[in-house]
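Asker: Numbering (the UniProt record's numbering), first residue to last: 1 to 1235.
Even glycine gets a Cβ: it sits at the ideal position worked out from N, Cα and C.
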């Protein structure tokens, strides 16, 4: 112990000084505690609490060299601990925005922790509250002050920020997140940023329903109006102004300045700029120097601001003529030309005043934002000092206004908070066209209007006839051209391949740009995803008409805007506000149901109906109406007072009996109108219910084939359309206004039900123009990129605008005999499209389909595009022996065919990116793998190859190019039924079941010695590919060809008399199989003895089909070798002059007999094989007991159409297919509705 004490004593003397004598005796005693390890050492903490901390404030707490920084209410504790007897002395320092007091800050530790140090704080005397006051509607959004003090708001009223600000300090309030379905903005944006006064500050805000999109409040953050306006067609309707004066053309109402609650009584004078919120439209009524407000629901219109009522104050600036600020009508404007909104304020651009004015929507208070009134090109950090020169367009993005300074040919920006004005693109005074990566080096010809969306500003360059784009986020404001060739024309296309004619106003819904053409008198749409340009309404003609697309007329359409539901147009010289809305009001696709696919006017099936394939080949895509069933809608349709309307449908008539209603709008007995099918004549009739029928179509429908039919009314006149082509115009009085319901397949009275198939019924307000009617008649529209109907014009009725120029082709009749329904090529003529749009290139899928008829056997091209090198082109060619899909340089797919000269044929070639396939008349001719990389050639040719060779001789019609691979079902929907579509047919002749196919179109005829001495048939060619061709070298024994002989269809007339007509060819054993299916269309004009249809083989060996007279007139399939009947009708099969489709199905043991698809009583027997026995094939006569004619046989006296022989007994589906083909070709009703 003594040694240890000495150590501590020595340690104390080695320090710089002696221990302080001021220490407490207890402290000295504590030194000796370490000498006794069993004595514990206890330490205590020093801490306390802080209360009243303010946001952004802090207090520093100090003791004995230690510091603690406190930023929030709560407790604190110093890290160092103290022993009993230690003293503490706490001090504090607070941030400038707080005043703090300290209690219990000093003392001596006893045997316990110290935790009662108390700091109480409050705001500094020079700090004041800042708040926003929310008006309008309650919305969930967030605001932030000075980049950190955020506040989430969900209710109206005063919303105080947590952090107070010192007088003289800066504040900067911003909206950081917007509400869903509402948009909030500052009543006065310039007050959202500034210096804190020596009092509290409240900044006013207003929230309104909608989303701010491109300077308008819209119903959705992103809309797609254009798709419906194009698919359902755009109807131009007058919202206010001239409506309903002069609705069918001419000019609109006289200009004026009239407010009224009735839309048709309101008058404007040269309305220009327009903006929209959810409820109202705001119009810059230019000549009246007023801002008008329109209720979009009913058209009620008031003067919102302007007209200088007397209490306004002179505007700031150096040129103040015709300019006064004030509330509502006390303000004065000087040429208001453009307008935009943030939902809370309107920003009005004055073209004559060279200013931008601001109108608060809630109060109508008008103030001047920027511009001193003098023309010039002066930027300024103080907006009121800036100068513009005839500014013409304005739009808003992120609290920045973008101004088209037309007189300077520049783009200016205006910060709505600071009012700073800056030129971002263009060179003042350099009014030329020039894109540039640096906006300050780009030039504009004559910019007029703009809309800001996303990262870009889109500008209409009216003088350059282009749509320009300014990048707003890349730092250089680069300028490029997204659409327009620079040529003054209204041409649809993609990007710079399209053309505009004085593009004027511009707006967007976020998906599409909508552009008005001042001289083009139309409304165009540019899809932002690919810059595809389409025309929505107007046709370049000055006029005034509320109607559909090209029939809707304008008189210099100016500004355009949208609320996400509709597109609005200021029709400058019609002095009215127009609107685009969907023309189609009802659509029954009938795809397995009777629902209205675009609305709620659903139909109920009255009766019993089944489903079948539709015009597109879609299974269960149409209703089969059985003559006692119809569809009845929920309500009638009353479009636009019945002055302009269109109703269309796809129909598949199955019978030729009675009147049959396709559709009817109204009751029928007392009102309404509809379209009637007259089965007896196969013509259409307009029916006005109690007012009777009015007019009949000149053309007829074909049985068991899809037709597009339409009833249209325009300016009081009715017109029918068949397959897209206008038919008879009927002048008629107004119908009685329809009531109750719209019906499909019936009119509601009598028994005039439709019998057949109906699909895709559509009702439109407005009269569709001829181009739309043609496009509507396209059977399979999905994927079409080019469609030439060739109905007297070379227009492309797809969206691609690939209209053709003509080098010698001549409009000619089509396959239905319709005048100017196809184009004839004489081996020199061709059609051309330079720089075609949207054609499938590279290895993308494609399908090319066309109807054609050739009179040459040489190699000839129907269509060619791309490049003329190996695998880099796409073409379709035919010859006397082959059909092919050609890729150039031998990279082709070629297939042989059985002949089609002088016949209409349907050809589809398909490339799916890997394989090329060919379909002729709906039959698959095979496929092969091909590697194509079609180039983007400069031309599309029809009637020649890429280099001007292989020119076509014949007719071409309905040429369609798809950007996808059509399937066989779709291709057959386009081609219709054909005998080679049966399941047992093959393009390999030896393996095909079709062994003989004679059709009247395959005859060779000329003047001669036959009866009538005209169209004498010398040769009849077999189209089965088996070469069973027939001939007749004796002129007097030749039958003659009749183009209208059998039910207005082609047939060959065989006569019986002194020089009876017949044809002869070689017998072939392929026709003598015991299993067989035989089809003959014929009409026996004179009943004689047993008359022969055909005989294959010698009198005692072959096969005979003739008409016996045992029980009336009985077709008889006879075995000449055994002398026995294989199949014969057991009742009268037909009468003289009847048109018949005879079907015989026999499997060698038993058979069946059909007439026009209906089973007939028959007796069948088994038998052995037939054989030629050295004989020949005879058509139109028979003999079987030896000797010569006519002693042992007889000649057929009548008409023969198609004759088909298969070497198998076809199944029901295949038999039906052939019968449906013959029914459609010869317009002979079947006992069933074709599938």
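1) Pull up the CB-CB distance for residue 735 and residue 677, whole angstroms please, since I reckon it's below 8 Å.
2) Are the CB atoms of residue 1143 and residue 1112 within a distance shorter than 8 Å?
3) Determine the extent of the beta strand (DSSP E) in which residue 155 is found, giving its start and end residues.
4) What are the complete beta strand (DSSP E) segments, minimum 3 residues, inside the stretch 978-1013?
5) Consult DSSP for residue 971 and reduce its assignment to one of helix, strand or coil.
6) Out of curiosity, what's the CA-to-CA distance linking residue 48 and residue 169?
7) So, does the stretch 284-297 touch the stretch 328-338, judging by three or more C-beta pairs under 8 Å?
8) Report the three-state DSSP secondary structure of residue 1036 (helix, strand or coil).
9) Would you list, in sequence order, the uninterrupted beta strand (DSSP E) runs of no fewer than 3 residues that lie entirely inside the stretch 1040-1092?
10) Which residues in the same chain have their Cβ closer than 7 Å to the Cβ of residue 999, if we skip the five residues on either side of it in sequence?
11) Taking the beta carbon of residue 29 as the centre, do at least 16 other beta carbons fall within 10 Å, making it buried, or is it exposed?
12) Mapping DSSP to helix, strand and coil, what is residue 427?
13) Could you pull out every residue in the same chain whose Cβ sits closer than 6 Å to the Cβ of residue 800, ignoring the five residues on either side in sequence?
14) Buried or exposed: which applies to residue 1013, given that a residue is buried once 16 or more other Cβ atoms fall within 10 Å of its Cβ?
15) Report buried or exposed for residue 928, applying the criterion of at least 16 other Cβ atoms within 10 angstroms of its Cβ.
16) Among 1063, 965, 394, which has the Cα closest to the Cα of residue 1003?
17) Which residues in the same chain as residue 933 place their Cβ atom closer than 7 Å to its Cβ, once the five residues preceding and following it in sequence are excluded?
18) Counting only the same chain and skipping the five closest in sequence on each side, list residues whose C-beta sits under 7 Å from that of residue 918.
19) Excluding the 5 residues preceding and the 5 following residue 326 in the sequence, name in chain order all residues of the same chain whose CB lies nearer than 7 Å to its CB.
20) How is the alpha helix (DSSP H) around residue 230 delimited, first residue to last?
21) Once the 5 residues before and after residue 798 are set aside, which same chain residues still bring their CB inside 7 Å of it?
22) Could you give the C-beta distance for residue 599 and residue 213, rounded to a whole number, given that I count them as a contact under 8 Å?
23) From what residue to what residue does the beta strand (DSSP E) around residue 479 run?
24) How many Å lie between residue 53 and residue 390 at the Cα?
25) Can you give me the Cβ contacts of residue 1031 inside the same chain, cut-off strictly under 6 Å, excluding the 5 residues immediately before and after it?
26) Could you check whether the Cβ of residue 629 sits closer than 8 Å to any Cβ belonging to chain B?
27) Assign residue 615 to buried or exposed, taking buried as 16 or more other Cβ atoms, counted over all protein chains shown, within 10 Å of its Cβ.
28) Helix, strand or coil, according to DSSP, for residue 1219 in the structure here?
29) Go ahead and label residue 497 buried or exposed: buried means 16 or more other beta carbons lie within 10 angstroms of its beta carbon, across all protein chains shown.
30) Report the residue from 1006, 479, 420, 296 whose alpha carbon sits nearest the alpha carbon of residue 1254.
31) Starting from the C-beta of residue 1121, find all residues in its chain whose C-beta is less than 6 Å away, skip the five residues before and the five after it, and write them out in chain order.
32) Taking the CB atoms as reference points, tell me whether residue 1205 and residue 1076 lie closer together than 8 Å.
33) Using the C-alpha atoms, what's the distance from residue 545 back to residue 246?
34) Would you say the stretch 752-771 touches the stretch 231-242, given that touching needs at least three Cβ pairs under 8 Å?
35) Could you check the C-alpha separation between residue 183 and residue 517 for me, to the nearest Å?
36) Once you ignore the five residues that flank residue 66 on each side, which residues in its own chain have a CB closer than 8 Å to its CB?
Answerer: By the coordinates alone:
1) Going by Cβ atoms, the distance from residue 735 to residue 677 rounds to 19 Å, so no, they are not a contact pair.
2) no
3) Premise fails: residue 155 is in no beta strand (DSSP E) and is neither H nor E.
4) 994-1006
5) helix
6) 33 Å
7) yes
8) helix
9) 1040-1046, 1049-1054, 1063-1066, 1075-1084
10) 1023, 1202
11) Below a pLDDT of 50, predicted positions are generally treated as unreliable, and residue 29, at 38, falls in that range; the measurement from the model is reported next regardless. Classification of residue 29: exposed, given that the 10 Å Cβ count is below 16.
12) coil
13) 785, 786, 837, 838
14) exposed
15) exposed
16) 1063
17) 842, 843, 871, 872
18) 883, 885, 893, 895, 909, 925, 926
19) 311, 312, 313, 366
20) 225-231
21) 784, 785, 786, 787
22) About 26 Å; that fails the 8 Å criterion.
23) 479-483
24) 56 Å
25) 1019
26) Of the protein chains in this structure there is only one, and it is not chain B.
27) buried
28) helix
29) buried
30) Because the chain here runs from 1 to 1235, residue 1254 falls outside it and cannot be looked at.
31) 1101
32) yes
33) Note that residue 246 scores 46 on pLDDT, short of 50, meaning its location in the model is unreliable; the coordinates nonetheless yield the value given after this. If I take the Cα positions, the gap works out to 7 Å.
34) yes
35) 31 Å
36) 78, 79, 80
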